[in-house]
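Trainee: Dropping a structure here in structure tokens format, bear with me for questions.
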Amino acid sequence: MAAGFTVEIEQADRPIRVAMGQTILEAALAQGVAYPHGCRSGNCGACKSRLIAGEVDLAPYSDFALGAAERADGLILACRAVPWSDSRIAWLGEDDLIVHPRRHLDCRVVRLDDLTHDIKGVTLEVRAGGPFVFSAGQYAAVRFGDLPARDYSMASTPDEDVLVFHIRHVAGGGASAHVANALRVGDPVSLEGPYGTAYLREGHRGPILAVAGGSGLAPIQSIVETALARGMTQPIAVYLGVRDERDLYHEARFAALAARHGTVRFTPVLSDAAMPTARRMGYVPDAVAADLANLDGFKVYTAGPPVMVDAVRRMVLARGVREADIHADPFFTEAEKAKLGDAA
Ligand SMILES: Cc1cc2nc3c(=O)[nH]c(=O)nc-3n(C[C@H](O)[C@H](O)[C@H](O)COP(=O)(O)OP(=O)(O)OC[C@H]3O[C@@H](n4cnc5c(N)ncnc54)[C@H](O)[C@@H]3O)c2cc1C
1 MAAGFTVEIE
11 QADRPIRVAM
21 GQTILEAALA
31 QGVAYPHGCR
41 SGNCGACKSR
51 LIAGEVDLAP
61 YSDFALGAAE
71 RADGLILACR
81 AVPWSDSRIA
91 WLGEDDLIVH
101 PRRHLDCRVV
111 RLDDLTHDIK
121 GVTLEVRAGG
131 PFVFSAGQYA
141 AVRFGDLPAR
151 DYSMASTPDE
161 DVLVFHIRHV
171 AGGGASAHVA
181 NALRVGDPVS
191 LEGPYGTAYL
201 REGHRGPILA
211 VAGGSGLAPI
221 QSIVETALAR
231 GMTQPIAVYL
241 GVRDERDLYH
251 EARFAALAAR
261 HGTVRFTPVL
271 SDAAMPTARR
281 MGYVPDAVAA
291 DLANLDGFKV
301 YTAGPPVMVD
311 AVRRMVLARG
321 VREADIHADP
331 FFTEAEKAKL
341 GDAA
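Just so it is clear: in the sequence shown, position 8 is 8 by the working numbering, and no numbers are missing.
This is how it looks when you write it as structure tokens:
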């Protein structure tokens with residue numbers, strides 16, 4: 001047999017053989033597998049796939065096609081992926097493959113809210129460049145003034161007229177410090193998107209577990225409210241992990257959702273309470289694990305600090321959730337993304 005590796009593709013009826021130095025997409029197409037693809041040059045993301053087992057090298061690709069958080073989440077581009085071992089991959093299924101037109105929007109701040117001592121609610125109205133169509137759970141690259149663009153998840157639902165973001169002030173940060181200290185109602189803001197694959201799968205009928213850390217509640221709120229607005233009736237367990245009482249927000253909002261929809265349960269978990277409290281204490285993945293021993297059939301949405309998202313991922317995998325049913329958005333900062341790049 002010629003030098004190379006065997007690659008199993010979840011959706012194909014037979015494995016393919018990939019020669020040394022060949023990409024998975026080239027080999028698949030040459031061997032008659034109708035692998036979804038677009039530009040074949042790492043720029044469009046149409047061949048985005050999940051690497052389930054094995055090792056691949058990725059030739060250079062654009063950030064638009066595959067974000068650092070997606071790469072860290074186990075996604076690859078088949079058109080850039082050269083295997084280094086026998087591997088198993090799956091292209092993102094039909095249900096997963098929602099591609100909304102990418103827009104460049106000019107917006108204006110119409111409202112600012114102090115959600116906690118360090119999280120601002122920022123509401124934008126779109127002035128030009130729309131319509132902005134996105135799926136609940138997606139994010140946009142947002143630019144405040146001359147500062148570099150940063151990724152922020154939409155907390156609003158796709159059906160709302162305005163776009164809402166929850167932006168936490170990161171110590172030493174640029175964009176988030178500007179939002180915390182200088183942003184005013186009426187300021188112009190530009191935005192590009194939508195991006196991201198950790199969005200609500202509206203066809204799913206099984207239970208939903210949604211775990212947020214801090215401002216990770218933004219995409220989780222959009223997902224939960226959209227699911228309810230679209231008439232999804234399965235149980236939805238929402239957990240919000242924060243350090244202390246002062247970091248909690250939108251508790252009343254979720255309590256109202258739970259009162260209106262018996263299917264929703266909202267559990268705040270404090271990891272580092274300074275005062276005695278009747279609230280649930282501990283690390284949020286541990287609280288979920290204590291409550292839900294078997295997660296078979298669940299879909300899991302999780303967003304927030306990368307360490308927490310990773311812990312949630314490992315915990316739910318151990319409790320029977322399939323990799324394909326985990327939709328995670330680790331909120332990597334630029335410094336953390338650079339570290340990932342160095343480690344690659
Ligand atoms: C997909 C995605 C969605 C996100 N959604 C949200 C959201 O909804 N809400 C939210 O609050 N955040 C979200 N984030 C995080 C957000 O994008 C920003 O990373 C965060 O707001 C910090 O940006 P900043 O410009 O304030 O900080 P930066 O200027 O990027 O600095 C961040 C940290 O890195 C340090 N730093 C900066 N430069 C360097 C360097 N060269 N070397 C070492 N350290 C350095 C800074 O001191 C600071 O501590 C998301 C991130 C991703 C990837």
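Think of the CB as a built atom: it goes at the ideal place given N, C-alpha and C, for glycine as much as any other residue.
With 8 Å as the threshold, decide whether the Cβ of residue 287 is near any Cβ in chain D.
Mentor: Of the protein chains in this structure there is only one, and it is not chain D.
Trainee: Between which two residues does the beta strand (DSSP E) holding residue 178 run?
Mentor: Within the sequence shown, the letter at position 178 stands for residue 178. Residue 178 -> not in any beta strand (DSSP E); alpha helix (DSSP H) instead, spanning 175 to 181.
Trainee: Can you tell me the Cα-Cα spacing of residue 324 and residue 153, whole angstroms?
Mentor: Working through the sequence shown from its first residue, we reach residue 324 at position 324. Working through the sequence shown from its first residue, we reach residue 153 at position 153. Going by the C-alpha atoms only, they are around 21 Å apart.
Trainee: Rounded to a whole number of angstroms, what is the C-alpha to C-alpha distance between residue 140 and residue 194?
Mentor: Along the sequence shown, one-based indexing puts residue 140 at 140. Along the sequence shown, one-based indexing puts residue 194 at 194. About 5 Å.
Trainee: Can you tell me the Cα-Cα spacing of residue 274 and residue 108, whole angstroms?
Mentor: Looking up residue 274 in the sequence shown gives position 274. Looking up residue 108 in the sequence shown gives position 108. Straight-line Cα distance between these residues: approximately 38 Å.
Trainee: Using a Cβ-Cβ cut-off of 7 Å (strictly less than) and excluding sequence neighbours within five positions of residue 162, which residues of its own chain qualify?
Mentor: To locate residue 162, count along the sequence shown from 1; it is residue 162. The answer, listed in chain order, is 110, 123, 124, 125 and 156.
Trainee: Can you check which of these residues, 183, 261, 40 and 82, is closest to residue 114 by C-alpha distance?
Mentor: In the sequence shown, residue 114 corresponds to position 114, counting from 1. Checking every option, the nearest Cα to that of residue 114 belongs to 183.
Trainee: Hey, could you find the ends of the beta strand (DSSP E) residue 307 is sitting in?
Mentor: As a working mapping, residue 307 is identified with position 307 in the sequence shown. That residue, residue 307, is in no beta strand (DSSP E); its alpha helix (DSSP H) goes 306 to 318.
Trainee: If we call anything under 8 Å between Cβ atoms a contact, is residue 304 one with residue 216?
Mentor: Locating residue 304 in the sequence shown gives position 304, where the first residue counts as 1. Locating residue 216 in the sequence shown gives position 216, where the first residue counts as 1. Result yes, Cβ atoms of residue 304 and residue 216 sit closer than 8 Å.
Trainee: Rounded to the nearest angstrom, what separates residue 211 and residue 244 at their Cα positions?
Mentor: Counting from one through the sequence shown, the residue named residue 211 turns up at place 211. Counting from one through the sequence shown, the residue named residue 244 turns up at place 244. Taking the straight line from one Cα to the other gives about 17 Å.
Trainee: What whole-angstrom Cβ distance do residue 103 and residue 132 have, given they're in contact under 8 Å?
Mentor: Within the sequence shown, the letter at position 103 stands for residue 103. Within the sequence shown, the letter at position 132 stands for residue 132. Yes, they are in contact, since the Cβ atoms of residue 103 and residue 132 sit about 5 Å apart, within 8 Å.
Trainee: Check whether the Cβ atoms of residue 377 and residue 309 sit closer than 8 Å, and answer yes or no.
Mentor: The structure shown does not extend to residue 377, since the chain spans only 1 to 344, so no value can be given for it.
Trainee: List the residues that DSSP assigns as beta-bridge partners of residue 82.
Mentor: Start at 1 with the first residue of the sequence shown, and residue 82 comes out as number 82. 57, per the DSSP bridge assignment.
Trainee: Assuming residue 29 and residue 89 form a contact by the criterion Cβ under 8 Å, report the distance between their Cβ atoms to the nearest whole angstrom.
Mentor: As a working mapping, residue 29 is identified with position 29 in the sequence shown. As a working mapping, residue 89 is identified with position 89 in the sequence shown. That pair is no contact at about 14 Å.
Trainee: What ranges does the beta strand (DSSP E) occupy inside the segment 141 to 214, keeping only unbroken runs of at least 3 residues that lie completely in it?
Mentor: Segments of the beta strand (DSSP E) lying fully in the segment 141 to 214: 150 to 153, 163 to 168, 188 to 195 and 208 to 213.
Trainee: Assign residue 343 to buried or exposed, taking buried as 16 or more other Cβ atoms, counted over all protein chains shown, within 10 Å of its Cβ.
Mentor: Taking the first residue of the sequence shown as 1, we reach residue 343 at position 343. Note that residue 343 scores 43 on pLDDT, short of 50, meaning its location in the model is unreliable; the coordinates nonetheless yield the value given after this. By the neighbour-count rule (16 or more Cβ atoms within 10 Å), residue 343 is not buried but exposed.
Trainee: Rounded to a whole number of angstroms, what is the C-alpha to C-alpha distance between residue 332 and residue 271?
Mentor: Here residue 332 refers to the residue found at position 332 when the sequence shown is read from its first residue. Here residue 271 refers to the residue found at position 271 when the sequence shown is read from its first residue. Each residue's Cα considered, the two are about 21 Å apart.
Trainee: Please list, in chain order, all residues of the same chain as residue 96 whose beta carbon is under 7 Å from its beta carbon, the five residues on each side excluded.
Mentor: For this step, residue 96 is matched to residue 96 along the sequence shown. With a pLDDT of only 49 at residue 96, under 50, the local geometry of the prediction cannot be trusted, and the value read off the model is given with reservation. If we look at residue 96 and ignore the five residues flanking it on each side, its Cβ neighbours are 197.
Trainee: Between which two residues does the alpha helix (DSSP H) holding residue 71 run?
Mentor: As a working mapping, residue 71 is identified with position 71 in the sequence shown. Run containing residue 71: 68 to 72, per the alpha helix (DSSP H) assignment.
Trainee: Using 7 Å as the cut-off, classify the Cβ of residue 331 as near or not near the heavy atoms of ligand 1, replying yes or no.
Mentor: Translated into positions along the sequence shown, residue 331 becomes position 331. For ligand 1, at least one heavy atom lies less than 7 Å from the Cβ of residue 331.
Trainee: Do residue 251 and residue 268 come within 8 Å of each other at the CB atom, strictly closer than that value?
Mentor: As a first step, residue 268 must be located in the sequence shown, where it is residue number 268. As a first step, residue 251 must be located in the sequence shown, where it is residue number 251. Result yes, Cβ atoms of residue 268 and residue 251 sit closer than 8 Å.
Trainee: Mind checking residue 84: buried by the 16 CB within 10 Å criterion, or exposed?
Mentor: Translated into positions along the sequence shown, residue 84 becomes position 84. Flag for residue 84 reads exposed.
Trainee: Write down the C-beta distance between residue 6 and residue 14 rounded to the nearest angstrom, noting that I regard them as a contact closer than 8 Å.
Mentor: Here residue 6 corresponds to residue number 6 of the sequence shown, with the count starting at 1. Here residue 14 corresponds to residue number 14 of the sequence shown, with the count starting at 1. With a Cβ gap of about 10 Å, residue 6 and residue 14 do not count as contacting.
Trainee: Examine ligand 1 and report whether any of its heavy atoms sits within less than 7 Å of the Cβ of residue 167.
Mentor: Taking the sequence shown and counting its residues from 1, the one referred to as residue 167 is at position 167. Flag set: Cβ of residue 167 near ligand 1.
Trainee: Would you say the beta carbon of residue 150 is closer than 7 Å to some non-hydrogen atom of ligand 1?
Mentor: Indexing the sequence shown from 1 puts residue 150 at position 150. Yes - ligand 1 has a heavy atom lying nearer than 7 Å to the Cβ of residue 150.
Trainee: Consult DSSP for residue 41 and reduce its assignment to one of helix, strand or coil.
Mentor: What you label residue 41 is simply residue 41 of the sequence shown in a count that begins at 1. In this structure, residue 41 counts as coil in the three-state DSSP scheme.
Trainee: In the DSSP assignment, the beta strand (DSSP E) including residue 260 goes from what residue to what residue?
Mentor: Looking up residue 260 in the sequence shown gives position 260. Segment 251 to 260 is the alpha helix (DSSP H) holding residue 260; no beta strand (DSSP E) there.
Trainee: Report the option in 40, 42, 145 and 25 whose CA atom is closest to the CA atom of residue 34.
Mentor: Residue 34 sits at position 34 when you count from the first residue of the sequence shown. The candidate whose alpha carbon is nearest that of residue 34 is 25.
Trainee: When you compare each of 74, 158 and 185 to residue 144 by their alpha carbons, which one comes out closest?
Mentor: Indexing the sequence shown from 1 puts residue 144 at position 144. The shortest Cα separation from residue 144 among 74, 158 and 185 belongs to 185.
Trainee: Return helix, strand or coil for residue 10, following the three-state DSSP convention.
Mentor: On the sequence shown, position 10 is the one that residue 10 refers to. The answer is coil: DSSP assigns residue 10 none of H, G, I, E or B.
Trainee: Along the beta strand (DSSP E) that carries residue 276, what are the first and last residues, could you check?
Mentor: Counted from its first residue, the sequence shown places residue 276 at position 276. First-last for residue 276: undefined, no H or E at that position.
Trainee: In the DSSP assignment, the alpha helix (DSSP H) including residue 219 goes from what residue to what residue?
Mentor: On the sequence shown, residue 219 is found 219 positions in, with the first residue counted as 1. From DSSP, the alpha helix (DSSP H) with residue 219 extends over 217 to 229.
Trainee: With a threshold of 7 Å on Cβ separation, who are the neighbours of residue 335 within its own chain once the five nearest residues in sequence on each side are excluded?
Mentor: Taking the first residue of the sequence shown as position 1, residue 335 is located at position 335. Correct list: empty, nothing qualifies.
Trainee: Round the Cβ separation of residue 238 and residue 220 to the nearest angstrom and send it over; I've been treating them as touching at under 8 Å.
Mentor: Start at 1 with the first residue of the sequence shown, and residue 238 comes out as number 238. Start at 1 with the first residue of the sequence shown, and residue 220 comes out as number 220. Yes, residue 238 and residue 220 are in contact; Cβ-Cβ is about 7 Å, under 8 Å.
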